[in-house]
Amino acid sequence: MIIEHYHENMAVQNVNLMPRRAYYIPFKHAENISEDTQRLERDSVTNLNGDWNFEFFDSLQTFEAAAKHQLQHTNVIPVPSVWNLHGYDTLQYLNTQYPIPFNPPKVPKKNPCGFYSKHFTIANYNADKKYHLNFEGVDNAFYLWINEQFIGYSQISHAISEFDISDALVEKDNKIQVLVLKWSDGTYFENQDMFRHSGIFRDVYILERATQRVIDFKIETAVDASLANAYINIGQLTYQGLSQANVALYHPNGELLSETEVNASTSFNVTQPLLWSAEQPYLYELRITTPEEIIVQKVGIREVEIKNNQLYVNHQSIKLRGANYHDSHPQTGYVMDKQQFIQDLQLMKAANFNAIRTAHYPKSPLFYELADYYGFYVMSEADLETHGVVRLYGDENNDDYNLIANDEAYEKPIIERVVASVIPLQNYSCIISWSLGNESGFGINIEKAASEVKALDSTRPIHYEGALYQEDNRDNDLSNIDMISRMYASPSEIENRYLTNDQLDKPFVLCEYAHAMGNSPGDLQEYHDLIDQYDSFIGGFVWEWSDHGIHVGMKDGQAIFRYGGDFGETLHDGNFCVDGIVFPNREVHESYYEFQHVNRPIKLISNDGYELQLRNQLDFINVADYIDVACVITFLDNTQEVIELDIKDFAPHTLYSVDVTELTNVEQISDIRLDYYLSNDTLLLDTQTKLGHDQVIYHRQDVLNVAQDTSSQPYIIVDDADVLEVKQEDKVYSFNKNTGMLSQVVKAHRSILVGKSELCLWRAPIDNDVQVRKLWEDAGYHDILTDVNHYSAHYLNNKDVELVFDLAVVSNAKARIMTGKVSWTIRNNGSINVKLEVNKNPRMPFLPRFGLVFKLQDTFEALNYYGNGPYGAYQDKGVATYLSYFDTTVTRNFEPHILPQENSSHNNTTYLQVSDHKYGFTFTSAEPMSFNASHYAVAQLTHATHNDRLEQEPITYVHIDKYQSGIGSNSCGPELAERYRINDNDIHFEFNLQLNEY
């Protein structure tokens, strides 16, 4: 059936494709125009979505051999879908590696392909009409036949392909056949970091078009400096069989504002316009009417410009608080429907995101319609990534980054891809920037593509991070690149290299930062401090929105996900795709709340005593009309008072003062928390959705009174072979003489511990520890022993007992890690004071953590603590937390990362009680400490590869730490900053523990 192998010819990007045009779906009849009408329900559409006949072939040769005979269809597959999630082919996740040998334009002979066919009838078929078949997304390349007649060929997976099939149709029963190839020469340009799926993954439909019709048009808007006048320009109108159309403009309230007959262009002047922004997405409506069609186009009036090294929308400098957003769903892969998009956009709004980068390809037109409507700034990216060139000789080598970008043999496909990402989408108001692609190096082809885009659309700035790749033998032409873009630069590098450099003449943006893989990121606040401080730092896009994972079943009510390497594939990049702030099923990670916090609409910028200064972080909205501020005042006795602030006026970027002395008696205040809630429903969010908070701490609360277990009987010290026992009535405390650690607590003949306590320097490695894990393992931190050299046991004041163990911390085959002593002072009131004083070997690397782990019976499930919560909090992560008393459980205090790792510790804690129905095990400290409690040993978390393979243990592990090293974002970002590392050589840690009976 194939005439020629176009898929291995870079000179042929498509065959018989109609010229690219602005995206629209016309109506045939004005009476059918309705806001409720879905795109594919319009009266001009024949929807081909649904079940198709399908056959899978392991190679093109196999298909061609079968095609010589009558092809039999025995299978059915839904369209849109990806065949990999319907039992065909393999699943494969790759980051930078190409999935095939680098041999452009050739692809492997064993090239899997899917053959689709479907019978259809066009309702009210009219031979005088034109019928245009649209594919919105096919991976990777495809050949098309209608009624056995070859129609054409196309590639560029995320571009719209439109074919005129009018001459091939018959009145009644028609047959469409599509051969989709897994690989083509386009594969070399689509090497994005994602699961590699194949198939018809976006909508397929036929448009009935009048013979006399509008073909194309372009909309631009502008706003004068006073904001009192705006202009909607409609131009580049092209026609078939016509020379003019009626164009009408409607107000967002539905009122007809203006109407005129237009030949090639016209302009509407709008006075006192309602301007579009991510905060206030007002949409006007243009209707372009010809005798047999009406095109309806929503228009947001906004002007985008770069000046003074800043990004402006409607003459207001703005900041992009954004997310990189792949099309990824655990059950449908690349297929995203309206409800899936809305779910994501709703979650983004609730986390105060205002911007999206369509990483790393254009999304479907449906997404842009939703972004227009709900209000998001969109950096729309071309379907271009050639990152695989850096891996052609093994390890990553950036010397080859420009291999394709700077070779004119690849000029046509690069320019075609970039242009295909612009022309169909240029009438969407949400798009405020074009991105030429991702990680494709730089060179003459990118420069030409940038020039093409500038010629197509001079109203939007152009982004391209790869512009930083400069070859020694050429000067990059950056005249059409409008911003300086980086990925994963550290805050210090950004400030020193870019923000304080007077020579720079463009704004700075982080197209990717804060790599959110696993328990991450840990350095978020520092980036946002710089964003708020420097006008030229226009924001960034977190990498990334969602974990990529394949849903494979359920266990104990929880979804099971798989990542790279779980499907038998030999070439993969493991769990590097599990790097979002929401899980694949859109349950949120704790890191989601970190972004909600740094993006919050109101920010406490200073507190001078009881005078609080708040700043409206929004650009266009007076938050007095948008946000309710609840002042939660906590007193030293742990009582609270909640006062709603009566804010009458709080304009964008202005300050608002709160005098706490006017709200309450401040003498006994512990802290004040300002909670920010939506005051009214919005398009996506309900009233009283919490959008963030700030807290001012004046005095830490006193630790809750711990019930005493005082006895008139003295302690008895029993020195046994390996154990020191300290006894009093029905209490027994046992200490291992070899390790110096508490090994058992017995109360009323009940054993509380299920194993000896241990010094712990190891944490289950988080993804960000990938670069230092081997360093820590080489030091032996994961397998330490405490070796007692000497011990003493004596009475204090005839009531208390002090045990002192001199010890060394060692690991097999390693140098001594540290030396020091641990003291256990058992007081007559039942409490135990624990004091650790050690000296670390200065040649050893920084520590993951320093503390003790206690192993309690698993009945100890209830947690009550005074510290940072309710989410995990570390040195450099936890800006979304606040200091308070929290009640939770050990089970709930666990974040089920797909790859198990350290999670949900709480620093800044001075009180912790772990309890069951009868006893409470209480830990207190004068200086803030960190704790973690879970039913999983660190060793199990270290070695487990998937959360569903964890086996909950009949133990409650309670870690009491002086501190942990920070979280950082070093899985794909800068090294952990020195200030967040445990580099101390002299360590002193002291806390108290006590067993209490209810």
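Residue numbers (this note's numbering): -18 to 979. Note that the Cβ used here is the ideal one computed from N, Cα and C, for glycine as well.
- Taking all protein chains shown into account, residue 564 has 16 or more neighbouring C-beta atoms within 10 Å of its C-beta and is therefore buried.
- For residue 862, the CB contacts under 6 Å within the same chain, skipping 5 residues up- and downstream, are 849, 850, 852, 854 in chain order.
- Inter-segment contact for the region 781 to 797 and the region 812 to 828 is present: three or more beta-carbon pairs are separated by less than 8 Å.
- The C-beta of residue 498 has 16 or more other C-beta atoms within 10 Å across all chains shown, which makes the residue buried.
- Judged by DSSP secondary structure, residue 398 falls within the alpha helix (DSSP H) whose first and last residues are 392 to 403.
- In this structure, the beta-carbon distance from residue 894 to residue 845 falls below 7 Å.
- Spanning the alpha carbons of residue 17 and residue 329 requires a straight line of approximately 24 Å.
- Taking all protein chains in view, the Cβ of residue 979 is surrounded by fewer than 16 other Cβ atoms within 10 Å, so the residue is classified as exposed.
- In its chain, beyond the 5 residues on either side, 742, 963 have a beta carbon closer than 6 Å to the beta carbon of residue 828.
- Boundaries of the beta strand (DSSP E) harbouring residue 203: 194 to 204, taken from the DSSP string.
- Contact annotation: residue 665 and residue 327 have beta-carbon atoms nearer than 7 Å.
- One alpha carbon belongs to residue 109, the other to residue 672, and they sit about 56 Å apart.
- Between the alpha carbons of residue 94 and residue 165 lies a distance of about 11 Å.
- Per DSSP, the unbroken beta strand (DSSP E) holding residue 584 starts and ends at 583 to 589.
- With fewer than 16 other Cβ atoms from the protein chains shown falling within 10 Å of its own Cβ, residue 153 counts as exposed.
- If you ignore the 5 residues before and after residue 971, its C-beta comes within less than 6 Å of the C-beta of 816, all in its own chain and listed in chain order.
- Here the C-alpha atom of residue 949 lies approximately 12 Å from the C-alpha atom of residue 572.
- For residue 457, same chain residues with a beta-carbon under 7 Å away, outside a window of 5 residues either side, are 423, 448, 451 in chain order.
- The three-state secondary structure of residue 501, taken from DSSP, is coil.
- With a cutoff of 7 Å on beta-carbon distance, residue 144 and residue 132 are scored as near each other.
- In this chain, the beta strand (DSSP E) harbouring residue 909 covers 900 to 915.
- According to the DSSP assignment, residue 575 belongs to the alpha helix (DSSP H) that extends over 571 to 579.
- Following the DSSP letters along the chain, one finds residue 348 inside the alpha helix (DSSP H) bounded by residues 346 to 355.
- Taking C-alpha positions only, residue 465 is separated from residue 940 by approximately 44 Å.
- Taking 7 Å as the cut-off, the beta carbon of residue 418 is found closer than this to the beta carbon of residue 363.
- By the Cβ rule, the region 357 to 372 counts as touching the region 393 to 403, because three or more pairs are nearer than 8 Å.
- Contact between residue 265 and residue 213 holds: their C-beta atoms lie close to 7 Å from each other, under 8 Å.
- For residue 920, the enclosing alpha helix (DSSP H) starts and ends at 919 to 924.
- In the structure shown, the three-state DSSP call for residue 360 is strand.
- Around the beta carbon of residue 151, fewer than 16 other beta carbons sit within 10 angstroms, so the residue counts as exposed.
- When the five nearest sequence neighbours on each side are left out, no beta carbon in the same chain lies closer than 6 Å to the beta carbon of residue 484.
- Residue 859 and residue 961 have their C-alpha atoms spaced approximately 13 Å apart.
- With respect to the 7 Å criterion, residue 463 and residue 287 are classified as neighbours on the basis of their beta carbons.
- 886 is the residue among 896, 886, 905 whose C-alpha sits nearest the C-alpha of residue 911.
- By the neighbour-count criterion, in which 16 or more other beta carbons inside 10 Å mark a residue as buried, residue 888 falls on the buried side.
- For residue 324, the enclosing alpha helix (DSSP H) stretches over residues 319 to 331.
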